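K.L.:
Those sequence lines, one after another, are chains C and S. Residue numbers for the first sequence follow numbering that gives the first Met the number 0, so the first one is 0 and each next one is one higher. Residue numbers for the second sequence follow numbering that gives the first Met the number 0, so the first one is 0 and each next one is one higher. Where is the CB? At the ideal position from N, CA and C, for every residue including glycine. Since the structure is predicted, the reported quantities are computational estimates derived from the model, not experimental observations. What follows is a single structure, and I will ask about it in a moment.
2 protein chains.
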Amino acid sequence: MSLDSILARIDADQPAALDRLCDLLRIPSISTDPAHAGDVRRAAEWLRDDLAGMGFAAELHDTPGHPMVVGHMDGPGPHVLFYGHYDVQPVDPLSLWDRGPFDPQLQETPRGRVIRARGAADDKGQLMTFLEACRATLAETGALPCKVTVFLEGEEESGSPSLVPYLRERGDALKADLALICDTGLFSESVPAIVTQLRGLLGEEITITGPRIDLHSGMYGGIAMNPIRVLTKILAGLHDETGRVQVPGFYDGVEELSPELAAQWAGLGFDEGAFLGEVGLSRPAGEEGRTGLEMLWSRPTAEVNGITGGYTGAGFKTVLPAQATAKVSFRLVAGQDPMRLRDSFRAWVEAQLPPDCSVAFAPHGAAPASRMDISHPAFEVARQALSAEWPGEAAFIGGGGSIPVAGYFKEILGMDSLLAGFGKDDDAIHSPNEKYDLSSFHHGTRAWARILTGIAAG
Amino acid sequence: MSLDSILARIDADQPAALDRLCDLLRIPSISTDPAHAGDVRRAAEWLRDDLAGMGFAAELHDTPGHPMVVGHMDGPGPHVLFYGHYDVQPVDPLSLWDRGPFDPQLQETPRGRVIRARGAADDKGQLMTFLEACRATLAETGALPCKVTVFLEGEEESGSPSLVPYLRERGDALKADLALICDTGLFSESVPAIVTQLRGLLGEEITITGPRIDLHSGMYGGIAMNPIRVLTKILAGLHDETGRVQVPGFYDGVEELSPELAAQWAGLGFDEGAFLGEVGLSRPAGEEGRTGLEMLWSRPTAEVNGITGGYTGAGFKTVLPAQATAKVSFRLVAGQDPMRLRDSFRAWVEAQLPPDCSVAFAPHGAAPASRMDISHPAFEVARQALSAEWPGEAAFIGGGGSIPVAGYFKEILGMDSLLAGFGKDDDAIHSPNEKYDLSSFHHGTRAWARILTGIAAG
């Protein structure tokens, strides 16, 4: 049976696959640092050459920033688009690294063997699992079981400024039946996961203006309206006593979790106490009557991410400031319309303004939530593939944050995404001594081989 | 009659008096700037010499900062202590001055003649009104009608760090029946005023801590407690819908305005709309059912003077911060105990903390309000003296801010203060092009002569 031979080849080829990953990890492709622009390009070229070596029609597409790597290979089955990113985070503080961030090394640790380097997990190690799966499949069978487009970005760690323009201009060539995105993690050490829903994000900055100028509270305190008082009053009304958001219409369109997902999530045995204990907390602070995973994945939120007004330096100044500002964000779930919510939030704030105060709003993004159509057969294929590689049954989980590329694929190309990744919580992505478990690399590669074969059969 | 001859001498001596004031104004005695320490001392020496020239037993008393000028002259009547300060504010931005800040000049303006220089009004011009009154009295009568101690400080514009230690150590020699403080203003162009009550100030900084570290709202939003949410909820509860402060016991001991003062204040014709209109406001924001002057002078307040938490830079960051901080101040009136209120405020905040949150408090001053005993005959003497010099009847008014020295005189020396000053709202103290009206200087000098004579007769 050809899948067995592909998996056997993956097993046998691990040392060579790790050598290739080390080659890629040696290139310091820090996208945010202009001094590394040449290195970023070098990583793109390395990947283009690797794809071309496997027989992909591979090209670099220049952008105003770093290039996109695109490789196509025809196949008989459905068309899948694989997305990963080859750029990495900066490495400072360098003094906290045990060795050079771009001098990758295999290490034994109490929890297994790891490969340690910047980008090992995020995202070079992860993206190479897919390429290695293709390589082994091609070596064993001479072809891929489905049509595959590989699309690798070099600006993910610096805000992806070129991504949307690129997708709008040249996205047609990337349009596939499904996107496969490998930039997420396992649910736990033993339980792999496929992220099927991601929250969206609406960001709003509100600035309340009271008096024309800052006032002295000795001269004006008591008679003059203080915009901090107005702002705190408004923000304090964001949630009621049960944690529900009070902006009118906020929950319009928000659906209850399906019984299937509710059962799957309950089966994950999420330990709220342990999760919160890591950051010094003990009790879930969200809506009463909701589970911790609902609070994180399927319930919308309102949070104040920043607030400032008046004198905030050392000591004290009895000022009544002219202005006070807050940055407010809403994590959104499927069914919520960001633009309608923005209007509703602004109207709600305006309705609470006392005489003599005005408000100015600045928008900071409005991305809807993503909820994948898990009836697409690839989701069950992927669930079985991951379940076969890890001890626990794979779960369909949610994500509390957004993975913008999944939203763009949906919005611009009309394409759902299947998000499967093999990172662990202790991978230290974005931090010193980033690592990727060799077991993640190995089982991840095997999982993609299973998925490709399964999708083709599907 | 000797008062008439004293007043006549004051009138005749105006040109020489202005020359002396110009001499003093030429000394750039900026107390906060170490580069000007020698100038500050020079101003002190100038005043000591001027006092000694009149026959005062005058000395400089060194402090760790700038020296105190102290002059004593015996007399038959009660003992009064005159307080003023000879240091001035910095002058930047220098580019906004029409001429050198220490190059005083007499100017004609549409609203009368003025002397323009840094310190003209605050406080060199004001303190010289008293010295000129003494000079004219001495010249006409050969003696002062009461025992007078002159006490001039050189650190008022830089927080008076040496004042309290000095008063504790050497204050006995300053102890008098009443202090006369000349560092305030007229109520209006035509209505002079004596400030008989000043609000105190309690400053508290509160820092709420939630999670141990800043969190990403994608990963933790919805389940983790956000300290900004806790802080805004607490601050929003500082006032009820009618503007009353909700800290338990806040109004304990607060008295209603006496009918006499209520009538006097009502007679001032305070124009709330004009007062607020100058700073872009239109409606009093204090307690419902109170007049604007009550809000400013006789009612206690709670204000948030500063607030900060989370990300406050340009753009947006979806952080759930570990901490949020606010600086809160209370303007206090007679009858309120700052230390009891501090305890009550802290307990009130603590009682509102949800699980997983802690609070830290930092004290920023606790000064009680001052309310002078206006039954002391000098108050009526002063009211008549000022009424004789300006078109309108002089009023006993309140002050919204604190004049710390009045509190220290009361607390350390057990001495009430009579605050009479002749500044105008448009004097631009602390700002470029500071000025003092020659009419303020002239009538202020005459008023002090009347007061000294009146107190002696009283």
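Specify whether the stretch 333-341 of chain S and the stretch 342-353 of chain C touch according to this definition: at least 3 beta carbon pairs, one from each stretch, less than 8 angstroms apart.
P.N.:
Taking 8 angstroms as the limit for Cβ pairs, the verdict is that the stretch 342-353 of chain C does not touch the stretch 333-341 of chain S.
K.L.:
Please classify Met72/C: does DSSP put it in a helix, a strand, or coil?
P.N.:
Taking the first sequence and counting its residues from 1, one reaches residue 72/C at position 73. Strand at Met72/C.
K.L.:
Any beta carbon from chain C within less than 7 angstroms of Tyr250/S's own beta carbon?
P.N.:
Taking the second sequence and counting its residues from 1, one reaches residue 250/S at position 251. So, not an interface residue.
K.L.:
Would you list the residues sitting across from Met67/C in a DSSP beta bridge?
P.N.:
Residue mapping note: residue 67/C aligns to position 68 of the first sequence, counting from 1. Bridge partners of Met67/C: His60/C.
K.L.:
Short of 6 angstroms in beta carbon distance, which residues of its chain neighbour Pro367/S, apart from the five on each side in sequence? Order them along the chain.
P.N.:
Within the second sequence, numbered from 1, the residue matching residue 367/S stands at position 368. Closer than 6 angstroms at Cβ, skipping near neighbours: Gly199, Pro337.
K.L.:
For Phe360/S, which residues in chain C fall below 7 angstroms Cβ to Cβ?
P.N.:
Against the second sequence, residue 360/S aligns to sequence position 361. Near Phe360/S there are no residues of chain C at all, since even the closest Cβ is about 13 angstroms away, more than 7 angstroms.
K.L.:
Under 7 angstroms between C-beta atoms, does Arg211/S make it to chain C?
P.N.:
Along the second sequence, read from residue 1 onward, the residue named residue 211/S stands at position 212. Yes, because at least one Cβ of chain C sits closer than 7 angstroms to the Cβ of Arg211/S.
K.L.:
Chain C partners of Gly464/S, CB-CB under 9 angstroms?
P.N.:
Nothing can be reported for residue 464/S, as the shown portion of chain S is limited to 0 through 457.
K.L.:
So, does the CB of Met218/C fall closer than 7 angstroms to a CB anywhere in chain S?
P.N.:
As a working mapping, residue 218/C is identified with position 219 in the first sequence. With 7 angstroms as the cut-off, Met218/C counts as an interface residue toward chain S.
K.L.:
Where does Ala323/S fall in DSSP's three states?
P.N.:
Taking the first residue of the second sequence as position 1, residue 323/S is located at position 324. Reduced to three states, the DSSP call for Ala323/S is strand.
K.L.:
Less than 8 angstroms between the CB atoms is what I'm expecting for Asp436/C and Gly111/C, so what's the real figure, rounded?
P.N.:
Mapped onto the first sequence, residue 436/C falls at position 437. Mapped onto the first sequence, residue 111/C falls at position 112. Correct: roughly 6 angstroms between the Cβ atoms.
K.L.:
Give me the subset of the stretch 312-325 of chain S whose CB atoms are less than 9 angstroms from a CB atom of chain C, sorted by chain position.
P.N.:
Answer in chain order: Gly312, Gly314, Phe315, Lys316, Thr317, Val318, Leu319, Pro320, Ala321, Ala323, Thr324, Ala325.
K.L.:
So which of Pro354/S, Glu349/S, Ser369/S, Pro353/S has the shortest CA-CA distance to Phe360/S?
P.N.:
As a first step, residue 360/S must be located in the second sequence, where it is residue number 361. Checked all of Pro354/S, Glu349/S, Ser369/S, Pro353/S; the closest Cα to Phe360/S is Glu349/S.
K.L.:
State yes or no: is the beta carbon of Lys232/S nearer than 7 angstroms to at least one beta carbon in chain C?
P.N.:
Working through the second sequence from its first residue, we reach residue 232/S at position 233. Closer than 7 angstroms: yes.
K.L.:
Roughly how many angstroms separate the alpha carbons of Pro226/C and Gly457/S, rounded to a whole number?
P.N.:
One-based indexing of the first sequence puts residue 226/C at position 227. One-based indexing of the second sequence puts residue 457/S at position 458. Their Cα atoms are separated by approximately 49 angstroms.
K.L.:
Nearest-angstrom Cα distance between Val358/S and Thr208/S?
P.N.:
As a first step, residue 358/S is located in the second sequence; it is residue number 359 there, counting from the start. As a first step, residue 208/S is located in the second sequence; it is residue number 209 there, counting from the start. Distance between the alpha carbons of Val358/S and Thr208/S: 6 angstroms.
K.L.:
Okay, do the stretch 322-334 of chain S and the stretch 247-264 of chain S touch, 3+ Cβ pairs below 8 angstroms being the bar?
P.N.:
Output reads yes: the stretch 247-264 of chain S touches the stretch 322-334 of chain S.
K.L.:
Just to confirm my understanding: we take Gln322/S, look at its own chain, exclude 5 residues before and 5 after, and list those with CB closer than 7 angstroms. What are they?
P.N.:
In the second sequence, the residue the question calls residue 322/S occupies position 323. Within the same chain, Gln322/S has close Cβ partners Thr206, Ile207, Thr208, Pro226, Gly308.
K.L.:
May I have the straight-line CA-CA distance separating Leu280/S from Gly272/S, to the nearest angstrom?
P.N.:
Translated into positions along the second sequence, residue 280/S becomes position 281. Translated into positions along the second sequence, residue 272/S becomes position 273. Going from the Cα of Leu280/S to the Cα of Gly272/S covers about 8 angstroms.
K.L.:
Going by other Cβ atoms of all chains shown within 10 Å of its Cβ, with 16 needed for buried, is Pro459/C buried or exposed?
P.N.:
Chain C is shown from 0 up to 457; residue 459/C falls before or after that span and cannot be answered.
K.L.:
Is the beta carbon of Asp415/C sitting closer than 7 angstroms to the one on Leu177/C?
P.N.:
For the purposes of this step, residue 415/C is taken as residue 416 along the first sequence, with counting starting at 1. For the purposes of this step, residue 177/C is taken as residue 178 along the first sequence, with counting starting at 1. Against a cut-off of 7 angstroms, the Cβ pair of Leu177/C and Asp415/C comes out as a contact.
K.L.:
Using the beta-carbon count (16 or more within 10 Å), is Arg460/S buried or exposed?
P.N.:
Residue 460/S lies beyond the residue range present for chain S, which begins at 0 and ends at 457; the question has no answer from this structure.
K.L.:
Can Tyr165/S and Thr241/S be called in contact, C-beta distance under 7 angstroms?
P.N.:
On the second sequence, residue 165/S is found 166 positions in, with the first residue counted as 1. On the second sequence, residue 241/S is found 242 positions in, with the first residue counted as 1. Contact: no.
K.L.:
Are any of the Cβ atoms in chain C nearer than 7 angstroms to that of Ala405/S?
P.N.:
Position 406 of the second sequence, counted from the start, is the residue given in the question as residue 405/S. Not one chain C Cβ lies under 7 angstroms of Ala405/S.
K.L.:
Could you tell me the distance, in whole angstroms, from the CA atom of Ala405/S to the CA atom of Glu139/S?
P.N.:
In the second sequence, the residue the question calls residue 405/S occupies position 406. In the second sequence, the residue the question calls residue 139/S occupies position 140. Computed Cα separation, rounded: 32 angstroms.
K.L.:
Span of the beta strand (DSSP E) holding His84/S?
P.N.:
Counting from one through the second sequence, the residue named residue 84/S turns up at place 85. Its beta strand (DSSP E) spans residues 78-84.
K.L.:
Do Leu417/S and Ala381/S have their C-beta atoms within less than 7 angstroms of each other?
P.N.:
On the second sequence, residue 417/S is found 418 positions in, with the first residue counted as 1. On the second sequence, residue 381/S is found 382 positions in, with the first residue counted as 1. Contact flag set, yes.
K.L.:
Do the CB positions of Gly221/S and Thr300/C come within less than 7 angstroms of each other?
P.N.:
As a working mapping, residue 221/S is identified with position 222 in the second sequence. As a working mapping, residue 300/C is identified with position 301 in the first sequence. Yes. Within cutoff.
K.L.:
Would you tell me roughly how many angstroms separate the C-alpha atoms of Gly54/S and Glu410/S, rounded to the nearest one?
P.N.:
The residue given as residue 54/S occupies position 55 in the second sequence. The residue given as residue 410/S occupies position 411 in the second sequence. Cα to Cα, the separation comes out at about 31 angstroms.
K.L.:
Taking DSSP as the reference, what is the three-state secondary structure of Val149/S?
P.N.:
For the purposes of this step, residue 149/S is identified with residue 150 of the second sequence, where counting begins at 1. Three-state result, Val149/S: strand.
K.L.:
Along the chain, where does the alpha helix (DSSP H) that runs through Thr140/C open and close?
P.N.:
Here residue 140/C refers to the residue found at position 141 of the first sequence. Element bounds for Thr140/C: 123-140.
K.L.:
Return the residue from the list Thr136/C, Thr148/C, Gln106/C, Leu105/C that minimises the CA-CA distance to His78/C.
P.N.:
Reading the first sequence from its first residue, position 79 is the one you call residue 78/C. The residue with the shortest Cα to Cα distance from His78/C is Thr148/C.
K.L.:
Helix or strand or just coil, what does DSSP make of Ile9/C?
P.N.:
Within the first sequence, numbered from 1, the residue matching residue 9/C stands at position 10. The answer is helix: DSSP assigns Ile9/C an H, G or I state.
K.L.:
I want to see whether chain C comes within less than 7 angstroms of Met224/S, judged by CB atoms only; does it?
P.N.:
Within the second sequence, the letter at position 225 stands for residue 224/S. Yes, because at least one Cβ of chain C sits closer than 7 angstroms to the Cβ of Met224/S.
K.L.:
Would Asn304/S pass as an interface residue toward chain C - the criterion being a Cβ-Cβ separation below 7 angstroms?
P.N.:
As a position in the second sequence, residue 304/S is number 305, starting the count at 1. Asn304/S counts as touching chain C.
K.L.:
Rounded to a whole number of angstroms, what is the C-alpha to C-alpha distance between Ile396/S and Glu204/S?
P.N.:
Here residue 396/S refers to the residue found at position 397 of the second sequence. Here residue 204/S refers to the residue found at position 205 of the second sequence. Straight-line Cα distance between these residues: approximately 31 angstroms.
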